[in-house]
Each structure stands twice: as C-alpha cells, then as structure tokens.
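Working notes, structure below.
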Amino acid sequence: MLSPSTFLKRIPKWVNLKAFISSVSCTNTIQINPEINQNTPNFPDFDVKIQSLRNKLYPDNLIKVLKSTSDVNSAVKIFKWAALQRKFNHTADTYYWIISKLGMAGNVEEMEGFCQNMVKERCTGEEDVLVSLVDAFVRNCRLNEAMRVLFNMNLAGIKPSIDVFNFVLGALVEEKRGFQDVVFVYKEMVKAGVAPSTDTLNYLLEVLFEKDKVDSALDQYRRINKKGCRPDGKTFEVVIKGLIANNRVDDSVSILHEMLELGCVPEPSFYRTTIPLFCREDRLEEGIRLFRKMKESKFTPDSFIYGALIQCLCKQLRLDEAVNLLEEMMESHLEGDNNVFVDVVNGFCKLGKINEAVKLLEDKHVLETSPHNALLRCCCDADKFLMAKGLLEKMSERNIDDCDSWNILIRWLCERDEMVKAYELLGRMIISSLIPDYATYSALVAGNCRLSKYEDALQLFLQLHARCWILDPASYSELIEGLCRGEKYLEAVKVFCYMSENRCSLQSLPFIMLIKGICDMGMIGEAVRLQSLAYNSGTSCVNATYNYVMLRLSKSEQGRHVLAFLSRMLVQGSNLNTEAYCILIQSLIAQNRIKDCSMFLNVMVNKGLVPDSDTLYNLLSCLAKHSQLYLISVSLDKLASDSEVLDSAMYNILINGMWKEGNKNDARRLLDLMLEKGWVPDAMTHGLLIGSADMEEKGEGMLAYVDLSTKDGVGDILAEGLGET
Numbered sequence: 001m002l003s004p005s006t007f008l009k010r011i012p013k014w015v016n017l018k019a020f021i022s023s024v025s026c027t028n029t030i031q032i033n034p035e036i037n038q039n040t041p042n043f044p045d046f047d048v049k050i051q052s053l054r055n056k057l058y059p060d061n062l063i064k065v066l067k068s069t070s071d072v073n074s075a076v077k078i079f080k081w082a083a084l085q086r087k088f089n090h091t092a093d094t095y096y097w098i099i100s101k102l103g104m105a106g107n108v109e110e111m112e113g114f115c116q117n118m119v120k121e122r123c124t125g126e127e128d129v130l131v132s133l134v135d136a137f138v139r140n141c142r143l144n145e146a147m148r149v150l151f152n153m154n155l156a157g158i159k160p161s162i163d164v165f166n167f168v169l170g171a172l173v174e175e176k177r178g179f180q181d182v183v184f185v186y187k188e189m190v191k192a193g194v195a196p197s198t199d200t201l202n203y204l205l206e207v208l209f210e211k212d213k214v215d216s217a218l219d220q221y222r223r224i225n226k227k228g229c230r231p232d233g234k235t236f237e238v239v240i241k242g243l244i245a246n247n248r249v250d251d252s253v254s255i256l257h258e259m260l261e262l263g264c265v266p267e268p269s270f271y272r273t274t275i276p277l278f279c280r281e282d283r284l285e286e287g288i289r290l291f292r293k294m295k296e297s298k299f300t301p302d303s304f305i306y307g308a309l310i311q312c313l314c315k316q317l318r319l320d321e322a323v324n325l326l327e328e329m330m331e332s333h334l335e336g337d338n339n340v341f342v343d344v345v346n347g348f349c350k351l352g353k354i355n356e357a358v359k360l361l362e363d364k365h366v367l368e369t370s371p372h373n374a375l376l377r378c379c380c381d382a383d384k385f386l387m388a389k390g391l392l393e394k395m396s397e398r399n400i401d402d403c404d405s406w407n408i409l410i411r412w413l414c415e416r417d418e419m420v421k422a423y424e425l426l427g428r429m430i431i432s433s434l435i436p437d438y439a440t441y442s443a444l445v446a447g448n449c450r451l452s453k454y455e456d457a458l459q460l461f462l463q464l465h466a467r468c469w470i471l472d473p474a475s476y477s478e479l480i481e482g483l484c485r486g487e488k489y490l491e492a493v494k495v496f497c498y499m500s501e502n503r504c505s506l507q508s509l510p511f512i513m514l515i516k517g518i519c520d521m522g523m524i525g526e527a528v529r530l531q532s533l534a535y536n537s538g539t540s541c542v543n544a545t546y547n548y549v550m551l552r553l554s555k556s557e558q559g560r561h562v563l564a565f566l567s568r569m570l571v572q573g574s575n576l577n578t579e580a581y582c583i584l585i586q587s588l589i590a591q592n593r594i595k596d597c598s599m600f601l602n603v604m605v606n607k608g609l610v611p612d613s614d615t616l617y618n619l620l621s622c623l624a625k626h627s628q629l630y631l632i633s634v635s636l637d638k639l640a641s642d643s644e645v646l647d648s649a650m651y652n653i654l655i656n657g658m659w660k661e662g663n664k665n666d667a668r669r670l671l672d673l674m675l676e677k678g679w680v681p682d683a684m685t686h687g688l689l690i691g692s693a694d695m696e697e698k699g700e701g702m703l704a705y706v707d708l709s710t711k712d713g714v715g716d717i718l719a720e721g722l723g724e725t
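Under UniProt numbering, the sequence shown has 690 at position 690, and the numbering climbs by one with no breaks.
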C-alpha cells in the first residue's frame with residue numbers, strides 16, 4: 001500500500017499541478033454521508049475495529065481501519081486509542097488519514113489540533129504530509145481546510161514552497177472565493193518569507209480587478225519588477241481584461257503597447273481573450289494588430305476570433321476586409337456560427353448592397369435560416385417586398401424557412417395596412433406546415449389596430465392569451481392605444497393586467513391614455529391598482545399618470561387618501577413636479593389641513609418650483625382666514641423676489657393678513673413692493689394701513705367677501721367629486 005508521503009513523490013511538480021486548478025470542481029468533492037451522525041460514535045463498529053487491531057497494531061493496519069471507518073468520531077476514538085497503546089507511535093501517514101477525514105467532514109478546529117500534535121511529535125515526513133493534505137483539500141474544494149493547514153505550517157515554522165501557495169491561490173481565484181481569502185494566503189506567504197512569483201502576482205491582480213480595485217491592481221502591476229518578477233502573457237491578459245471590464249479601455253490599449261514593446265510572446269489563450277474584448281469595444285486596430293501577431297507566432301486563430309473580427313469590421317462597414325476574413329476562415333476549414341453570415345449580410349444591407357448579400361449567400365452555399373432571415377428583413381426595410389417574397393419562395397423550396405421567415409413579410413404587410421395580402425401569406429404559411437406563433441399574432445393584432453378594427457384585434461389577442469403567449473412590445477402598445485381610442489377601457493385593462501403579470505412593459509403614451517380613461521370612468525381604485533402593476537412590470541409611470549390619478553382622487557369622496565397615494569408615488573420612485581404639488585396643495589386646502597398644505601408649499605419653493613396663481617391664491621386666502629400666513633413667510637419672500645406669480649389681489653390678501661397677525665413691518669414691506677410694481681392697494685388695504693376705523697370695518701367686510709367666494713370655489717370642487725363617485 002502506498003503511504004501519502006510516497007504518493008506525494010509521484011505527484012508531478014507543483015508548477016504542473018497549477019494547470020490542474022481549472023479542472024478542480026466542487027462536483028468532485030468527497031461526499032460525506034449526511035445520514036451519519038458525526039457527533040456520536042458507532043460503538044458496535046468501534047469495538048469490532050478495536051478488537052481487530054489488538055496484537056496487530058501497525059501503522060498500515062491502522063490506516064486501513066481509519067479508511068474503512070465512515071463515522072468520523074469513531075475514527076478519532078480509534079486514533080486516540082492507538083496513541084495510548086504501548087510500543088506504538090503514530091506516523092506522519094496515520095496523521096494524514098485522521099486529519100484528512102476531519103477536514104473532509106468540515107471539523108476544522110479538531111483537524112488543526114491534530115496538525116499541531118503531529119508537528120510536536122516531530123513525525124518523519126511531516127512536511128510532505130502537510131503539503132499532500134493541502135493538495136487533497138484543494139482537489140476536493142475544501143479550500144478553508146487547505147488554508148488552515150497552510151496557517152499551521154507557518155505556525156510550526158515549516159516553510160511551504162511558492163508553488164504550494166500558488167496552488168491554493170489559483171483554486172481560490174478559480175472558485176471566486178473573494179478578496180479576503182486571497183489576501184489571507186498572500187499574507188501567510190509573506191510571513192513565511194516566501195518571495196512571490198509571477199503566477200502569485202497574476203492571481204492577486206485578478207482578484208483585485210474582480211473587486212473593482214483598479215488603481216490598486218495597476219499599482220501592483222507597476223511594481224512587479226521591484227518584486228523580482230517579470231510580467232508574462234497571463235499578466236497582460238489579466239490586466240487588459242480587468243481594465244476593459246472596468247471601462248478603462250484607453251488604459252488597456254496603453255498596457256497592450258507596453259507588452260508589444262517588451263517583446264512578450266503570450267500563449268494562444270491571451271489572443272482568444274483579448275481580441276474579442278477589443279472588438280467588442282470597437283477598437284478594431286488593436287484587434288487586427290493582435291490577430292497579425294498571433295499568426296506571426298504560428299498560432300492558428302479559431303472561429304471565435306474570426307467571428308469577433310468579422311463582426312467588428314461589419315460594424316465599421318469595412319465589408320471587403322470582412323469578406324476576405326470570412327473566406328480565410330472557411331479555407332482553414334473552420335465553421336463559424338450563423339452570426340458571422342448575419343453580420344456580413346447586415347453590413348451589405350447598411351451600404352445598400354442587397355444584391356451583394358444575396359450573391360454571398362448563394363456563392364458560399366449557405367443553407368442556414370438566420371442569414372436568409374436577416375436578408376429578408378433588409379429587403380423589407382428597403383421596401384423591396386417583391387425581392388423578399390421571391391427569396392422566401394426559394395427558402396421554402398429548399399426547406400430552410402421557418403416561422404420568422406414568414407412573419408417578417410406578414411409584419412411588413414400589416415404595418416402598411418395590407419391586411420388582405422397578410423392573411424393570404426398566412427394561409428400559404430400554414431399550407432407549408434408552419435404553425436403561426438406569437439409573432440404572427442402580434443403582427444395581425446397591430447395590423448387590425450391600424451385599420452381601427454379593435455374588436456378583431458381583441459379576438460386575436462384572446463387566441464394568443466389562450467396559448468399563454470404574449471404580444472411583442474410594439475403590438476402591445478398598438479392594442480392598448482387602439483382600445484383606448486375606441487373607448488374600450490375595460491378590455492384594455494384586461495390586456496394590460498395579463499401582459500403586466502408576464503413582466504411586459506408598456507410605452508408611456510398608451511399607459512397615460514389608459515389611466516385617463518379609467519379615471520374618467522370614476523374607477524380611481526382601479527387606476528391606483530394599475531399604477532402598481534405598471535411599477536412591478538417595468539412600465540414607465542411618467543408624472544402625467546400620477547398627476548391625473550391624484551387629481552381625480554382629490555376630487556372624489558376618497559380625497560382623504562391623497563397623502564397615502566403620495567407615499568405610494570414616492571416609494572415607486574416618482575419625483576413630484578409643479579403640477580403634482582399644486583394638485584396636492586389644493587386637495588389639502590379642501591380638507592382644511594392648514595399645516596400640511598403650508599409644509600408642501602415650503603418644500604416646493606425650496607426646490608425652486610413656483611405654484612400656479614390659482615393654487616397660490618387659494619392657499620393665501622385659506623392661511624389669511626386662519627391667521628397662519630407666518631407658516632410660509634420664508635417662501636413668500638422667495639416668491640416675491642424671484643418670481644412674478646404674486647398679483648395685486650394676492651398682495652392685498654398678504655398685507656391684510658400679516659397686519660392682522662401682527663407682522664406690521666412685513667405688511668409695510670409688501671406694500672412698498674406692491675407700489676414699486678405700479679399697483680394700487682384696494683380701499684380696505686389702504687384704510688387698514690392709515691388707521692381709519694371706518695375703512696377697517698369696511699375692509700373686514702371685503703375680506704369676508706373674498707374668503708366666502710374662495711370657499712364657494714372649493715365647495716364646487718367637492719360637490720363635483722361627490723357627484724362623480
């Protein structure tokens with residue numbers, strides 16, 4: 001039987017074990033039977049195994065027993081029993097098996113105790129055993145246990161090699177265990193006095209970029225030479241990838257230039273990672289430069305690299321180069337995915353070279369469906385319907401058409417009100433044994449809505465609903481808008497509810513139409529419910545929808561709930577605009593909630609918003625009546641100095657009200673402002689300020705008249721709300 005130390009000698013060098021990291025998977029971990037009670041020993045099994053060891057207690061026999069003991073606590077008791085026997089001493093190999101068993105069971109504390117005991121007993125081969133334990137734990141995804149073994153090695157003054165530390169670091173990075181674990185191992189390495197290698201720093205760079213610590217990563221990269229290391233291809237791959245992932249593309253290009261200046265020759269994996277990244281960021285020149293360097297290094301590009309370059313070339317409309325690369329790829333017998341031909345077809349179409357796109361697919365004998373569907377879309381977008389129809393017929397003859405192929409043409413016809421031709425094409429599609437799908441129904445729904453055939457569109461939707469399908473976004477908006485135009489609001493609500501339950505968002509305009517229609521029907525509660533559905537489904541609830549619901553709510557018998565609705569608005573992320581504040585203040589005035597409406601005016605003015613004249617007039621009249629104008633004194637100063645909303649009637653209310661509240665200095669200051677604007681105070685205000693008792697009595701009568709007319713206005717609003725419930 002091979003002991004762990006013997007087994008270790010047969011393991012390849014640690015630098016080679018590093019390559020094994022990527023194949024380590026938690027699916028390969030040693031499984032501990034969950035039904036085994038690890039706290040209570042299996043006594044009958046324990047006694048039998050003790051008897052088998054009597055008079056035969058040798059390390060190899062003990063190891064066999066430990067390996068066959070599934071209960072961890074029983075294994076520990078057997079191990080301890082053996083330690084008490086005369087003329088028996090545990091070896092590093094026996095310690096290996098008990099420590100391994102405890103670690104695999106997750107009993108870290110007791111595992112560490114045995115590690116320390118082994119070191120104290122100075123067992124021969126203890127270092128090799130501890131290293132092999134690290135190896136076993138890493139391979140079985142017991143990374144916490146591997147780190148604790150490293151810690152105990154340091155504690156005992158045993159200095160692991162840099163390859164051991166790198167093996168653990170590589171596993172931590174591969175399993176994305178996080179920054180703290182990597183730092184822990186790195187610190188243990190520093191404490192052990194082990195100098196880092198380039199691999200060590202590569203792992204550290206990788207985890208720094210993953211944690212968005214970009215500047216720290218760049219600092220480590222800049223100091224790599226000071227640590228006695230030289231950057232290799234993996235270093236540049238990690239840094240370039242990390243910078244691009246953190247939107248530092250220009251910095252990644254600078255690092256690439258540094259690599260090329262140093263003459264570094266990276267591995268093929270570097271090219272496979274970086275070329276697509278640069279292409280995705282539309283940095284084509286860097287991608288092409290690396291592509292050429294890759295070929296100069298005698299590395300063969302794969303279809304993934306070709307595809308990325310072709311896509312980027314097509315995006316920049318460099319079609320000749322894209323086609324050349326495509327032909328080069330095909331000559332290398334590499335099979336690119338369908339997207340490569342789709343990109344080239346779309347590129348030709350953007351240049352208006354549809355005939356060249358057709359010729360390409362024919363010359364290359366492309367029989368995949370998606371490139372031909374891309375060509376059909378291009379023809380329809382260019383209003384070349386007859387060409388598209390001819391291509392579709394050829395596709396049908398070759399049996400490379402699908403539902404999307406027919407839907408592209410059906411949609412084009414529906415968008416141009418050609419419903420008769422659309423249904424004819426639908427019939428041919430069905431004859432071709434293709435079953436209409438959600439996209440077919442969506443196109444027909446949109447077409448009927450354009451012709452104001454809302455009932456037909458609704459029936460099509462019901463058929464789609466019965467199949468548990470959903471409309472595409474454009475058709476969904478067309479249907480809701482059409483039903484609202486046809487005043488079929490309840491039907492529109494049913495469509496909206498079904499689509500919202502399926503997390504489909506609606507465009508703002510049709511949603512506004514739906515909310516207004518429901519509110520005008522007096523269904524305020526339903527409108528509030530629709531707002532919640534919209535929020536949960538991602539429909540953008542613009543201020544207009546919230547404001548309309550709030551307005552109708554404030555005018556109904558449920559006006560007392562306006563603040564609750566405001567809370568819902570704020571929770572859903574809505575920002576109140578001027579209209580919303582004015583609606584809210586008017587509602588609170590009607591409810592005689594003086595402090596609340598004053599508070600909202602102050603908030604509004606602090607945000608730089610100015611109320612409309614009707615709202616401000618009603619609020620001033622209300623506060624003057626209750627002698628509480630002082631609640632908004634700061635806001636009044638801002639409005640008087642920064643806006644033109646105050647008119648002569650409001651100045652008269654303010655001057656009279658402040659005089660009554662004892663703020664005579666403020667009243668005089670407002671009179672001065674009023675006169676500067678060329679306005680003449682009314683008789684009541686004039687008489688009040690000059691101290692005429694007769695005019696004051698007359699003024700009180702006029703003020704009472706103003707308040708009464710204001711009250712009647714609010715009464716009309718309340719009466720209207722009562723009448724429409």
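No residue lacks a Cβ here, since even glycine has one placed at the ideal position from N, Cα and C.
Nearest by alpha-carbon distance to Ile244: which of Cys414, Tyr58, Arg280 and Cys380 is it? Arg280
Arg560 by DSSP, collapsed to three states: which one? helix
Distance, Cα to Cα, Gly157 vs Ala192? 8 angstroms
For Gln586, which residues from the same chain have a beta carbon less than 6 angstroms from its beta carbon, with the 5 sequence-adjacent residues on both sides left out? Thr615
Please go through the UniProt repeat "PPR" (267-301) and give each complete alpha helix (DSSP H) segment of 4 or more residues, from N-terminal end onward. 268-280 and 284-296
Pull up the CB-CB distance for Asn652 and Thr685, whole angstroms please, since I reckon it's below 8 angstroms. 5 angstroms
For the candidate residues Leu646, Ser621, Asn592 and Asn575, whose alpha-carbon lies nearest to that of Val610? Leu646
What's the call for Asn225, buried or exposed, on a 16-neighbour Cβ count within 10 Å? exposed
What number of angstroms, rounded off, separates the C-alpha of Leu483 from the C-alpha of Ala492? 6 angstroms
According to DSSP, is His365 helix, strand or coil? coil
Ile512 and Leu530: beta carbons closer than 9 angstroms? no
Taking the alpha helix (DSSP H) that Phe348 falls in, what are its first and last residues? Asn338 to Lys350
Please confirm if the region 445-459 is in contact with the region 429-436, defined as three or more CB-CB distances below 8 angstroms between the two stretches. no
Span of the alpha helix (DSSP H) around Asn543: Asn543 to Ser554
Determine the contact status of Gln141 and Glu175, defining contact as a CB-CB distance below 9 angstroms. In the sequence on display, residue 141 carries Cys and not Gln. Yes. Within cutoff.
The region 143-151 in contact with the region 103-121 per 3-pair CB rule at 8 angstroms: yes
Measure from the alpha carbon of Phe385 to the alpha carbon of each residue in Leu409, Asp363, Ser252 and Asp404, then state which is nearest. Leu409
With H, G and I counted as helix, E and B as strand and the rest as coil, what does DSSP make of Tyr58? coil
Exposed or buried, Glu331, counting other C-beta atoms within 10 Å across all chains shown (16 or more means buried)? exposed
Where Lys101 and Phe167 are concerned, what is the direct C-alpha to C-alpha distance, given to the nearest angstrom? 21 angstroms
In terms of residues, what are the limits of the alpha helix (DSSP H) holding Ala580? Thr578 to Ala590
Using DSSP with H/G/I as helix, E/B as strand and the rest coil, what is Thr200? helix
Could I get the ranges of all uninterrupted alpha helix (DSSP H) runs contained in the UniProt repeat "PPR" (161-196), with 4 residues as the minimum, in chain order? 162-174 and 179-191
Closest by CA to Ala382, which one among Tyr95, Cys504, Phe236 and Lys350? Lys350
So, using beta-carbon positions, are Leu284 and Leu309 closer together than 9 angstroms? yes
List the whole-angstrom C-beta distance separating Ala357 from Cys380, where the pair is believed to meet the contact cut-off of C-beta under 8 angstroms. Going by Cβ atoms, the distance from Ala357 to Cys380 rounds to 13 angstroms, so no, they are not a contact pair.
Would you report the Cα separation of Leu204 and Phe270, rounded to the nearest angstrom? 18 angstroms
Following the continuous alpha helix (DSSP H) through Leu319, name the residue where it begins and the one where it ends. Leu319 to Glu331
Trp659: which of Pro268, Lys625 and Thr539 sits nearest, CA to CA? Lys625
Alpha-carbon to alpha-carbon, Leu256 and Lys293: 12 angstroms
Ranges of the alpha helix (DSSP H) found wholly within the region 596-643, counting only runs of at least 4: 613-625 and 633-642
With H, G and I counted as helix, E and B as strand and the rest as coil, what does DSSP make of Asp672? helix
Residues near Ile30 in its chain [Cβ-Cβ closer than 8 angstroms; skip 5 each side]: Confidence in Ile30 is poor, its pLDDT being 36 and thus under 50, which makes the residue's placement too unreliable to answer from.
For the alpha helix (DSSP H) containing Trp97, name the first residue and the last one. Ala92 to Met104
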